[in-house]
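Accompanying notes for the structure given below.
Residue numbers (the working numbering): 37 to 451.
Below is the structure:
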């Protein structure tokens with residue numbers, strides 16, 4: 037056992053499962069469904085803001101605050117439910133988050149005004165925020181070490197499926213059932229939660245570790261000493277850059293190119309679908325690559341690819357080239373999402389694993405939320421090339437953080 041393993045786990049690591057059994061598959065489905073709901077919910081909310089504003093007579097600021105409230109709730113829920121999951125169990129708390137999310141999403145259909153809708157969205161966000169980290173921890177603990185990265189990438193694919201489902205379903209259903217009907221659909225995950233709860237089992241490593249759980253809080257374990265603090269800092273940088281690049285590229289860049297060149301393609305359903313497809317392939321491939329050659333080489337390759345593709349994409353002017361390059365750029369920019377679940381699970385002990393997943397990734401998501409604003413501001417104040425150089429430079433920072441702060445843990449047993 038390495039010094040790092042001793043520092044993180046405090047005792048001998050337990051053996052991972054040796055094969056992918058029915059428990060592992062059920063854990064994967066439960067986690068992926070939860071993450072798909074995240075992507076579906078956030079995207080349909082954006083699609084429905086105009087209709088909601090018209091019916092409830094909301095100002096532009098009030099409409100935007102519904103998205104902000106959801107994200108704030110997600111951050112708080114991620115921290116709270118992550119700590120609770122590390123304390124009392126993955127399956128039970130994952131079920132609670134899904135039910136909380138589903139019930140309050142359904143209540144949004146009954147909203148009579150701004151304030152009650154804001155409350156419903158905030159509480160729904162609490163449940164939404166807890167699902168990612170808990171699901172990732174559950175899957176990492178249930179799958180064999182040799183297949184851990186690909187399992188986490190499959191969970192990451194859940195988000196892409198949810199986003200794609202929202203992009204397809206909303207234009208079809210919204211004119212027919214309205215925004216209240218769309219929110220009512222959100223009740224369905226509560227039904228799924230019942231079956232998920234009764235088919236999943238707590239991973240053996242969690243059950244064993246709960247017998248000698250540290251006295252410190254899960255949050256405290258993320259900064260318990262300098263070595264652990266470096267791991268947390270490194271993951272915050274990685275998650276921040278990934279989210280900053282994702283939001284900066286996917287939200288700001290298409291709008292900018294459409295304005296600059298008049299390319300309606302960059303804002304069309306075709307461009308979105310092709311780019312999402314590229315992201316999905318990137319996420320899927322990342323897990324297999326990371327399991328085969330290691331976490332660090334996989335991240336290095338994707339970071340370098342993202343930096344290069346952002347620059348290449350910014351210099352294209354042909355619509356067809358933009359379509360194809362969008363998929364390739366999406367492959368690298370968001371493909372790294374497939375690796376965070378496994379990497380964080382291997383770096384932090386069972387007593388803080390779900391907390392680490394939720395806290396570190398949500399900090400990155402919070403930082404990444406400023407991506408479109410920062411990139412757009414730089415482009416307006418200086419130049420388009422300067423904004424692109426910023427994005428490319430961020431991936432260089434990503435490489436440095438991985439090189440100096442994050443060790444290789446491929447095949448490591450969970451502490």
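We put the beta carbon where it would ideally sit given N, CA and C, even for glycine.
Given residue 54 as reference, the closest of 161, 182, 268 once Cα atoms are compared | The residue you call residue 54 lines up with position 18 of the chain shown. When each option's Cα is compared against that of residue 54, the closest is 182.
Just the C-alpha distance for residue 173 and residue 337, rounded to the nearest angstrom, thanks.
-> Here residue 173 is taken as the residue at index 137 of the chain shown, counted from 1. Here residue 337 is taken as the residue at index 301 of the chain shown, counted from 1. Using only the alpha carbons, I get a separation of about 25 Å.
Compare the beta carbon distance of residue 139 and residue 64 with 8 Å and say whether it is the shorter of the two.
-> As a position in the chain shown, residue 139 is number 103, starting the count at 1. As a position in the chain shown, residue 64 is number 28, starting the count at 1. Result no, Cβ atoms of residue 139 and residue 64 do not sit closer than 8 Å.
What's the C-alpha gap between residue 107 and residue 248?
-> The residue you call residue 107 lines up with position 71 of the chain shown. The residue you call residue 248 lines up with position 212 of the chain shown. Residue 107 and residue 248: Cα-Cα distance of roughly 34 Å.
Of all the alpha helix (DSSP H) runs that stay within the bounds of the segment 53-112, which reach a length of 4 or more residues?
-> 58-92
Quick one: grab the DSSP three-state call for residue 431.
-> Numbered from 1 along the chain shown, position 395 holds the residue referred to as residue 431. Looking at residue 431 - three-state DSSP - the assignment turns out to be helix.
Given 8 Å as the limit, is there contact between the segment 191-209 and the segment 94-112, that is, 3 or more CB pairs closer than that?
-> no
Residue 228 and residue 75 look like a contact to me (Cβ under 8 Å); what is the Cβ gap, rounded to whole Å?
-> As a first step, residue 228 is located in the chain shown; it is residue number 192 there, counting from the start. As a first step, residue 75 is located in the chain shown; it is residue number 39 there, counting from the start. 15 Å between Cβ atoms; not a contact.
Specify whether the segment 428-436 and the segment 336-351 touch according to this definition: at least 3 beta carbon pairs, one from each stretch, less than 8 Å apart.
-> yes
Under the three-state reduction of DSSP, which class applies to residue 179: helix, strand or coil?
-> Working through the chain shown from its first residue, we reach residue 179 at position 143. Residue 179 falls in the coil class under three-state DSSP.
Taking residue 382 as part of the alpha helix (DSSP H), name the residues at either end of that continuous run.
-> Looking up residue 382 in the chain shown gives position 346. Counting along the chain, the alpha helix (DSSP H) containing residue 382 begins and ends at 373-383.
Helix, strand or coil for residue 260 per DSSP?
-> Taking the first residue of the chain shown as 1, we reach residue 260 at position 224. Here residue 260 sits in coil by DSSP.
Reduced DSSP secondary structure (H/G/I, E/B, other) of residue 370 = Mapped onto the chain shown, residue 370 falls at position 334. In the structure shown, residue 370 sits in coil (DSSP, three-state: anything other than H, G, I, E or B).
Residue 66 versus residue 422 - alpha carbon distance = Against the chain shown, residue 66 aligns to sequence position 30. Against the chain shown, residue 422 aligns to sequence position 386. So the alpha carbons of these two residues sit roughly 43 Å apart.
What first and last residue would you give for the alpha helix (DSSP H) that runs through residue 393?
-> Looking up residue 393 in the chain shown gives position 357. Here the alpha helix (DSSP H) through residue 393 covers 389-404.
Go ahead and pull the three-state DSSP assignment for residue 228.
-> Mapped onto the chain shown, residue 228 falls at position 192. Here residue 228 sits in helix by DSSP.
Looking at C-alpha atoms only, which residue of 403, 373, 223, 259 is the closest neighbour of residue 136?
-> The count along the chain shown starts at 1 and reaches residue 136 at position 100. With distances taken between Cα atoms, residue 136 lies closest to 223.
If you draw a straight line from the alpha carbon of residue 381 to that of residue 273, how long is it in whole angstroms?
-> On the chain shown, position 345 is the one that residue 381 refers to. On the chain shown, position 237 is the one that residue 273 refers to. Approximately 17 Å, taken between the alpha carbons.
Would you report the Cα separation of residue 141 and residue 220, rounded to the nearest angstrom?
-> For the purposes of this step, residue 141 is taken as the residue at position 105 of the chain shown. For the purposes of this step, residue 220 is taken as the residue at position 184 of the chain shown. Their Cα atoms are separated by approximately 7 Å.
Quick one, which of 125, 298, 264, 348 has its alpha-carbon nearest residue 236's?
-> What you label residue 236 is simply residue 200 of the chain shown in a count that begins at 1. It is 125 whose Cα lies nearest to the Cα of residue 236.
Are at least three pairs of beta-carbons, each pair with one atom in the segment 102-120 and one in the segment 250-260, less than 8 Å apart?
-> yes
Can you tell me the Cα-Cα spacing of residue 268 and residue 399, whole angstroms?
-> Taking the chain shown and counting its residues from 1, the one referred to as residue 268 is at position 232. Taking the chain shown and counting its residues from 1, the one referred to as residue 399 is at position 363. Straight-line Cα distance between these residues: approximately 11 Å.
Rounded to a whole number of angstroms, what is the C-alpha to C-alpha distance between residue 416 and residue 243?
-> Position 380 of the chain shown, counted from the first residue, corresponds to residue 416. Position 207 of the chain shown, counted from the first residue, corresponds to residue 243. So the alpha carbons of these two residues sit roughly 54 Å apart.
Look up residue 192 in the DSSP assignment and say whether it is helix, strand or coil.
-> Here residue 192 corresponds to residue number 156 of the chain shown, with the count starting at 1. Helix.
Inspect the CB distances between the segment 403-412 and the segment 199-218 and report whether three or more fall short of 8 Å.
-> no
With respect to the alpha helix (DSSP H) encompassing residue 338, which residues constitute its N-terminal and C-terminal limits?
-> Within the chain shown, the letter at position 302 stands for residue 338. Element bounds for residue 338: 331-350.
Specify, as a first and last residue, the run of the alpha helix (DSSP H) that residue 136 falls within.
-> In the chain shown, counting from the first residue as 1, residue 136 sits at position 100. Segment 126-143, the alpha helix (DSSP H) holding residue 136.
Can residue 77 and residue 164 be called in contact, C-beta distance under 8 Å?
-> As a position in the chain shown, residue 77 is number 41, starting the count at 1. As a position in the chain shown, residue 164 is number 128, starting the count at 1. Yes, these two residues count as a Cβ contact at 8 Å.
Taking the CB atoms as reference points, tell me whether residue 365 and residue 346 lie closer together than 8 Å.
-> Taking the first residue of the chain shown as position 1, residue 365 is located at position 329. Taking the first residue of the chain shown as position 1, residue 346 is located at position 310. For residue 365 and residue 346, yes; Cβs fall inside 8 Å.
Beta-carbon contacts of residue 83 that lie in its chain and below 6 Å, excluding the five residues immediately before and after = Along the chain shown, read from residue 1 onward, the residue named residue 83 stands at position 47. Result list for residue 83: 206, in chain order.
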